[in-house]
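Note that the numbering used here has the sequence shown beginning at 9, numbered continuously upward. The block underneath contains the structure these notes are about, expressed in structure tokens.
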Amino acid sequence: MAKGRAKPRAKSKTGRAKPKAKRRSFFSFAVRVGLGLILLLGAALAVYQTWGPFELWPRPAPVPPDAQTLLHETISQLKRLPRLPSLRIEKTEPIERAGLVFYSADFSFETETEIILAEQAVEDFWKSQIPALEVDAAYPEEAAKGTTLLMANRGGSPLLAVRLFLREVPAEPVRPAEPLLPENHGRIAIVIDDLGNNREAAQQLADLPAAITLAIIPFTPYAEEAERLALRAGKEVVLHLPMEPQDYPHTDPGPGALLSAMSDADLERALLSALQEVPNAVCVNNHMGSALTEDPAAMAALMRTLKARGLCFLDSRTSAHSVAQDQAEQAGVPAARRDVFLDNDRRPYAIRRRLLELSRLAHRHGRAVGIGHPYPETIQVLAETLPHLQKLGYEVVPLSQLANGP
Ligand SMILES: [Zn+2]
Numbered sequence: 009m010a011k012g013r014a015k016p017r018a019k020s021k022t023g024r025a026k027p028k029a030k031r032r033s034f035f036s037f038a039v040r041v042g043l044g045l046i047l048l049l050g051a052a053l054a055v056y057q058t059w060g061p062f063e064l065w066p067r068p069a070p071v072p073p074d075a076q077t078l079l080h081e082t083i084s085q086l087k088r089l090p091r092l093p094s095l096r097i098e099k100t101e102p103i104e105r106a107g108l109v110f111y112s113a114d115f116s117f118e119t120e121t122e123i124i125l126a127e128q129a130v131e132d133f134w135k136s137q138i139p140a141l142e143v144d145a146a147y148p149e150e151a152a153k154g155t156t157l158l159m160a161n162r163g164g165s166p167l168l169a170v171r172l173f174l175r176e177v178p179a180e181p182v183r184p185a186e187p188l189l190p191e192n193h194g195r196i197a198i199v200i201d202d203l204g205n206n207r208e209a210a211q212q213l214a215d216l217p218a219a220i221t222l223a224i225i226p227f228t229p230y231a232e233e234a235e236r237l238a239l240r241a242g243k244e245v246v247l248h249l250p251m252e253p254q255d256y257p258h259t260d261p262g263p264g265a266l267l268s269a270m271s272d273a274d275l276e277r278a279l280l281s282a283l284q285e286v287p288n289a290v291c292v293n294n295h296m297g298s299a300l301t302e303d304p305a306a307m308a309a310l311m312r313t314l315k316a317r318g319l320c321f322l323d324s325r326t327s328a329h330s331v332a333q334d335q336a337e338q339a340g341v342p343a344a345r346r347d348v349f350l351d352n353d354r355r356p357y358a359i360r361r362r363l364l365e366l367s368r369l370a371h372r373h374g375r376a377v378g379i380g381h382p383y384p385e386t387i388q389v390l391a392e393t394l395p396h397l398q399k400l401g402y403e404v405v406p407l408s409q410l411a412n413g414p
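Written out as structure tokens, the structure is:
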């Protein structure tokens, strides 16, 4: 310190510099006072942080005691399930993220089917045991790794995170025989909308090893081709009929659309010419149509024609106020409604979650209808996940089998 001050400043040339010794003693006094003040302030802050009414800086939250309880209960719940023979608990530990401490558990499996079962079991258990829990999807970066991450949150703060993943199976796997005894868990119809603009997607969907249904938009370049591919693969075909949306004409439902301004006769003519484009359709569902499906008179006119043609109707539910299904029932037209949109979020992880939601609805109600789109992500997830759902005892059926129903 003294060395640094040994160089006199330029202004000392003015002759007004104080004597060296006096300056030094004043300076060391100031340093002592300063240090003392800093120590005092530090002690005061520490006391305040520990006992004061407010936190001056965030202190790490303790692990909530019920997080550990929830973890143990979740593990014993999974162990009770007879259909998870390869379940292995890899790791359980408290972890800290963004100043919050919660429990984290890693479970691994040898089959994707078991992961689906485990995922459903964990989620159902959390929801049934602790109604205040919010069950959440994954961190996106986890989802990208093909891992399923379930979060149990309370009041927005995490309590327990469970990660389910596929572990490497040894070269000579010591695997039990197929552990699943399929029993019917419910019937699922999966309708892929908006076909007719993409030949390749139609081909890939037709090739899927499950009885999905293809909904084809009339007056599109590949409408005829999509129908042919679907029928050749034994898939059911429905007419995806363009109807007036709320923000028409800002949003255009496409050629041949049914519009609110049309008379009953015009609506019938439009429907019949659209049907000529997809002549083997057994059912009709609406493309857009958030305005027209709210119109009882237009829906009644539509249903009269469907009834006369022996066709069923699927309400895509693009409007929460749709009267289409009511009008179908009044006209005696077999009808169904969409339960789940599979790919509003196109990330594969999100699509898989929607498929699981669909299977859960089917389990609860015996039946469920999902609508997806010919996105590459949707096709990929369907190809991967449908065989597992079928193995678990869910039956994928053509849409017409769920029109009306119990
Ligand atoms: Zn559509």
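Glycine included, each C-beta is placed from N, C-alpha and C at the ideal position.
Between the CA atoms of residue j and residue i - distance to the nearest angstrom
i	j	result
S136	V130	10 Å
Q335	D351	28 Å
D260	Y383	21 Å
L86	A241	39 Å
W59	L141	31 Å
A305	S281	20 Å
V404	E176	30 Å
R325	S367	19 Å
A238	L400	25 Å
V143	S298	31 Å
S20	K30	The pLDDT assigned to S20 is 47, lower than 50, so where the model puts this residue is not dependable; a value taken from the coordinates is nonetheless given after this. Distance between the alpha carbons of S20 and K30: 15 Å.
A278	D272	10 Å
S408	C320	7 Å
M159	W134	10 Å
A370	L92	21 Å
V341	I198	20 Å
L49	Y56	10 Å
E232	L174	41 Å
L79	E120	22 Å
K269	Y256	Sequence inspection shows Ala at residue 269; the Lys mentioned does not correspond to that position. Approximately 11 Å, taken between the alpha carbons.
E101	A113	7 Å
I196	R88	27 Å
L53	P166	30 Å
H381	M307	24 Å
A209	E81	44 Å
I37	L43	Checking the displayed sequence, the identity of residue 37 turns out to be Phe instead of Ile. Computed Cα separation, rounded: 10 Å.
T156	E302	39 Å
Q398	I83	26 Å
K99	Q333	50 Å
V286	D132	42 Å
R236	H396	28 Å
L322	R362	19 Å
G163	A169	15 Å
I97	A376	33 Å
L290	L314	The sequence given here has Val at residue 290, not Leu. When rounded, the distance between both Cα atoms is 10 Å.
P139	T77	15 Å
G318	N161	49 Å
Y402	L216	16 Å
Check whether residue i and residue j have beta carbons under 7 Å apart
i	j	result
L249	V292	yes
A2	L410	This structure cannot speak to residue 2, because the chain is shown only from 9 to 414.
I220	G204	no
A309	L267	no
V245	N288	yes
G194	F227	no
V348	E337	no
S94	F115	no
M296	P253	yes
A218	L394	yes
M251	N206	no
A339	M311	yes
I379	D201	yes
Considering only heavy atoms of ligand 1 and the C-beta of each residue, which residues fall inside 6 Å, strictly closer? After applying the 6 Å Cβ criterion, the set is D201, D202, H248, H295.
Can you find at least 3 beta carbon pairs, one from the stretch 125-142 and one from the stretch 103-112, that sit closer than 8 Å? Flag = no, the stretch 125-142 and the stretch 103-112 do not touch.
With a cut-off of 8 Å, do at least 3 Cβ pairs link the stretch 350-364 to the stretch 387-404? The stretch 350-364 vs the stretch 387-404: in contact.
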